[in-house]
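Below is one structure, written out as structure tokens, with a few remarks after it.
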Amino acid sequence: MSESGSREEKSPSRMIDERIGELGDWRGEMLSRLRALIKQVDPEVVEEWKWRGVPVWYHDGMICTGETYKNVVKMTFAKGAALDDPSGLFNSSLDGNTRRAIDFHEGEEIDEEALKALIRAAVTLNASGAHG
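At position 98 of the sequence shown (counting the first as 1) the number is 98 in our numbering, and the numbers step up by one without a gap.
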């Protein structure tokens, strides 16, 4: 029996693929692009499927989530408050002590280099064992 055949439930990566397909609009395209950037920065990233349909990316701890809403795709960094954000990408969940988020709206461009730097910083923070 193959490894994939031994599991009744779908893999988190497959569920994320399906979610992107189900959205069928700019939100799916945005989520797909964000996912690709995360994987470019960290090819070792682990994808999970949590909280009834939220893609979550891990490496030595949670890096970020990719939530989709009617008018926004929200990328929430688990330890965002501890990350330097020189490009000012964080534009949501700014009041908390731990998390920070970026809301992407239809038609917005992604500053890919700045976002990759933020993802890289989150992976580095997790690898350092810092809890901040």
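Each residue gets a CB set at the ideal place from its N, CA and C atoms; glycine is no exception.
Does DSSP classify residue 126 as helix, strand or coil? What you label residue 126 is simply residue 126 of the sequence shown in a count that begins at 1. Note: residue 126 maps to helix in three-state DSSP.
Three or more C-beta pairs closer than 8 Å, one from the region 79-96 and one from the region 33-53: is that the case here? These segments do not touch.
From the DSSP secondary-structure annotation, give me the bridge partner or partners of residue 102. The residue given as residue 102 occupies position 102 in the sequence shown. DSSP lists 75 as the bridge partner or partners of residue 102.
Just list the residues that DSSP pairs residue 56 with in beta bridges. Start at 1 with the first residue of the sequence shown, and residue 56 comes out as number 56. According to the DSSP secondary-structure assignment, residue 56 is paired through a beta bridge with 48 and 65.
Since residue 73 contacts residue 31 with CB under 8 Å, what's their CB separation in whole angstroms? By one-based count along the sequence shown, residue 73 stands at place 73. By one-based count along the sequence shown, residue 31 stands at place 31. Yes, they are in contact, since the Cβ atoms of residue 73 and residue 31 sit about 6 Å apart, within 8 Å.
Near residue 133, which residues of its chain fall below 7 Å by C-beta distance, leaving aside the five closest residues on each side in sequence? The structure shown has nothing for residue 133, since the chain only spans 1 to 132.
Does residue 32 come out as helix, strand or coil in the three-state DSSP assignment? As a first step, residue 32 must be located in the sequence shown, where it is residue number 32. Residue 32 falls in the helix class under three-state DSSP.
Extent of the continuous alpha helix (DSSP H) to which residue 21 belongs: The sequence position of residue 21 within the sequence shown is 21, counting from 1. Residue 21: member of the alpha helix (DSSP H) spanning 12-23, first to last residue.
When you compare each of 26, 29, 53 and 112 to residue 10 by their alpha carbons, which one comes out closest? Taking the first residue of the sequence shown as 1, we reach residue 10 at position 10. Per the Cα distances, 53.
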